[in-house]
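In the numbering used here, the protein residues as written are 1437 to 1589.
All C-beta atoms, glycine included, are put in the ideal place defined by N, C-alpha and C.
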(Lines of atoms letter the chains of each structure in order from A and count residues from 1; the text may use other names and numbers.)
(Lines give C-alpha, C1' and ligand atoms only; values in the text may rest on other atoms or scores of the structure.)
Protein backbone atom coordinates (compact mmCIF):
# COMPACT_ATOMS: atom_id res chain seq x y z
CA UNK A 1 0.00 0.00 0.00
CA UNK A 2 1.27 3.45 -0.90
CA UNK A 3 -0.11 6.47 0.90
CA UNK A 4 0.60 9.94 -0.52
CA UNK A 5 -0.44 13.10 1.33
CA UNK A 6 0.19 16.69 0.31
CA UNK A 7 0.49 18.77 3.47
CA UNK A 8 2.76 21.36 1.83
CA UNK A 9 0.00 23.91 1.28
CA UNK A 10 0.85 24.38 -2.41
CA UNK A 11 -0.22 23.01 -5.78
CA UNK A 12 2.27 20.58 -7.31
CA UNK A 13 2.84 22.01 -10.81
CA UNK A 14 0.07 19.84 -12.26
CA UNK A 15 1.33 16.74 -10.48
CA UNK A 16 -1.28 14.70 -8.62
CA UNK A 17 -0.97 12.52 -5.56
CA UNK A 18 -2.09 9.64 -7.79
CA UNK A 19 0.84 10.22 -10.16
CA UNK A 20 3.30 10.29 -7.25
CA UNK A 21 1.78 7.02 -6.04
CA UNK A 22 2.04 5.54 -9.54
CA UNK A 23 5.71 6.55 -9.73
CA UNK A 24 6.36 5.00 -6.31
CA UNK A 25 4.58 1.80 -7.40
CA UNK A 26 6.74 1.69 -10.54
CA UNK A 27 9.90 1.96 -8.44
CA UNK A 28 8.74 -0.68 -5.96
CA UNK A 29 7.64 -3.09 -8.69
CA UNK A 30 10.88 -2.65 -10.65
CA UNK A 31 12.89 -3.28 -7.49
CA UNK A 32 10.74 -6.36 -6.76
CA UNK A 33 9.36 -5.08 -3.48
CA UNK A 34 6.42 -7.11 -2.24
CA UNK A 35 3.11 -5.57 -3.41
CA UNK A 36 1.84 -5.51 0.17
CA UNK A 37 4.82 -3.51 1.46
CA UNK A 38 3.70 -0.21 2.96
CA UNK A 39 5.14 3.16 1.94
CA UNK A 40 4.19 6.68 2.92
CA UNK A 41 5.10 9.74 0.82
CA UNK A 42 4.45 13.00 2.62
CA UNK A 43 4.81 16.42 0.99
CA UNK A 44 5.51 19.14 3.55
CA UNK A 45 6.33 22.85 3.78
CA UNK A 46 9.87 24.19 4.34
CA UNK A 47 9.35 24.77 8.09
CA UNK A 48 8.29 21.15 8.64
CA UNK A 49 11.18 19.63 6.70
CA UNK A 50 13.63 22.06 8.37
CA UNK A 51 12.38 20.84 11.76
CA UNK A 52 12.83 17.19 10.72
CA UNK A 53 16.25 17.96 9.25
CA UNK A 54 17.33 19.66 12.48
CA UNK A 55 16.04 16.82 14.65
CA UNK A 56 17.47 13.90 12.65
CA UNK A 57 20.49 15.37 10.84
CA UNK A 58 21.50 18.26 13.13
CA UNK A 59 21.05 20.72 10.26
CA UNK A 60 18.35 23.40 10.65
CA UNK A 61 18.14 24.28 6.94
CA UNK A 62 15.26 23.02 4.82
CA UNK A 63 16.20 20.10 2.59
CA UNK A 64 14.58 18.49 -0.45
CA UNK A 65 13.87 14.92 0.72
CA UNK A 66 14.30 12.77 3.80
CA UNK A 67 13.78 9.03 4.21
CA UNK A 68 12.80 7.18 7.34
CA UNK A 69 13.18 3.40 6.90
CA UNK A 70 11.22 0.98 9.05
CA UNK A 71 11.61 -2.76 8.32
CA UNK A 72 14.80 -2.46 6.24
CA UNK A 73 13.27 -4.18 3.22
CA UNK A 74 15.67 -4.87 0.36
CA UNK A 75 15.02 -5.48 -3.34
CA UNK A 76 13.80 -8.93 -4.28
CA UNK A 77 16.20 -11.40 -5.84
CA UNK A 78 16.05 -14.28 -8.30
CA UNK A 79 12.79 -12.93 -9.73
CA UNK A 80 11.07 -13.15 -6.34
CA UNK A 81 9.75 -10.15 -4.42
CA UNK A 82 10.99 -9.03 -1.04
CA UNK A 83 9.15 -9.95 2.11
CA UNK A 84 6.07 -7.83 2.86
CA UNK A 85 6.51 -5.21 5.53
CA UNK A 86 6.61 -1.54 6.37
CA UNK A 87 9.12 0.07 4.00
CA UNK A 88 8.97 3.50 5.65
CA UNK A 89 8.36 7.17 4.96
CA UNK A 90 9.64 9.55 2.29
CA UNK A 91 9.20 13.25 3.11
CA UNK A 92 9.52 15.71 0.21
CA UNK A 93 9.44 19.51 0.27
CA UNK A 94 7.86 20.81 -2.98
CA UNK A 95 9.07 24.36 -2.35
CA UNK A 96 12.71 23.21 -2.20
CA UNK A 97 12.02 20.97 -5.20
CA UNK A 98 10.75 24.01 -7.14
CA UNK A 99 13.98 25.91 -6.48
CA UNK A 100 16.09 22.93 -7.54
CA UNK A 101 13.97 22.33 -10.64
CA UNK A 102 14.38 25.95 -11.75
CA UNK A 103 18.15 25.71 -11.30
CA UNK A 104 18.27 22.43 -13.25
CA UNK A 105 15.97 23.70 -16.01
CA UNK A 106 13.13 21.22 -15.65
CA UNK A 107 9.62 21.16 -14.20
CA UNK A 108 8.89 21.03 -10.49
CA UNK A 109 6.71 17.96 -11.09
CA UNK A 110 9.71 16.10 -12.52
CA UNK A 111 11.85 17.13 -9.54
CA UNK A 112 9.23 15.85 -7.09
CA UNK A 113 9.12 12.50 -8.91
CA UNK A 114 12.93 12.38 -8.87
CA UNK A 115 13.02 13.11 -5.14
CA UNK A 116 10.34 10.48 -4.48
CA UNK A 117 12.42 7.92 -6.38
CA UNK A 118 15.58 9.03 -4.56
CA UNK A 119 13.88 8.72 -1.19
CA UNK A 120 12.60 5.23 -1.95
CA UNK A 121 16.08 4.09 -2.96
CA UNK A 122 17.37 5.32 0.41
CA UNK A 123 14.65 3.25 2.11
CA UNK A 124 15.93 0.24 0.16
CA UNK A 125 19.45 0.72 1.50
CA UNK A 126 21.04 2.72 -1.31
CA UNK A 127 23.32 5.60 -0.41
CA UNK A 128 25.59 8.13 -2.10
CA UNK A 129 28.18 8.88 0.58
CA UNK A 130 31.00 7.29 -1.43
CA UNK A 131 31.71 7.99 -5.13
CA UNK A 132 30.99 4.41 -6.25
CA UNK A 133 27.75 4.32 -4.25
CA UNK A 134 26.72 7.65 -5.73
CA UNK A 135 27.41 6.49 -9.26
CA UNK A 136 25.36 3.32 -8.79
CA UNK A 137 22.47 4.98 -6.96
CA UNK A 138 22.15 7.92 -9.33
CA UNK A 139 22.32 5.65 -12.41
CA UNK A 140 19.55 3.47 -10.99
CA UNK A 141 17.51 6.54 -9.99
CA UNK A 142 17.81 7.93 -13.53
CA UNK A 143 16.82 4.61 -15.10
CA UNK A 144 13.79 4.22 -12.83
CA UNK A 145 12.61 7.78 -13.44
CA UNK A 146 13.12 7.67 -17.20
CA UNK A 147 11.26 4.37 -17.56
CA UNK A 148 8.41 5.74 -15.45
CA UNK A 149 8.16 8.92 -17.55
CA UNK A 150 8.33 6.93 -20.80
CA UNK A 151 5.56 4.57 -19.68
CA UNK A 152 3.24 6.92 -17.75
CA UNK A 153 3.58 10.56 -18.73
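In this structure, DSSP gives residue 1440 an extended state, which the three-state scheme calls strand. Counting C-beta pairs closer than 8 angstroms gives three or more between the region 1475–1482 and the region 1530–1541, which meets the contact rule.
Around the beta carbon of residue 1577, 16 or more other beta carbons lie within 10 angstroms, which makes this residue buried. Shown here, residue 1555 sits in a helix according to DSSP, grouped into three states.
Of 1520, 1544, 1565, 1556, the smallest CA-CA separation from residue 1451 is found for 1544.
Taking 8 angstroms as the cut-off, the beta carbon of residue 1456 is found no closer than this to the beta carbon of residue 1556. Here residue 1528 carries a strand assignment [DSSP, helix/strand/coil].
Contact between the region 1470–1480 and the region 1492–1500 is absent, with fewer than three C-beta pairs closer than 8 angstroms. Rounded to the nearest whole angstrom, the C-alpha separation of residue 1582 and residue 1588 is 10 angstroms.
Under the three-state reduction of DSSP, residue 1487 is assigned to helix.
The closest CA to that of residue 1536, considering only 1526, 1525, 1550, is found on 1550. Just so you know, the alpha carbons of residue 1460 and residue 1552 end up roughly 7 angstroms apart.
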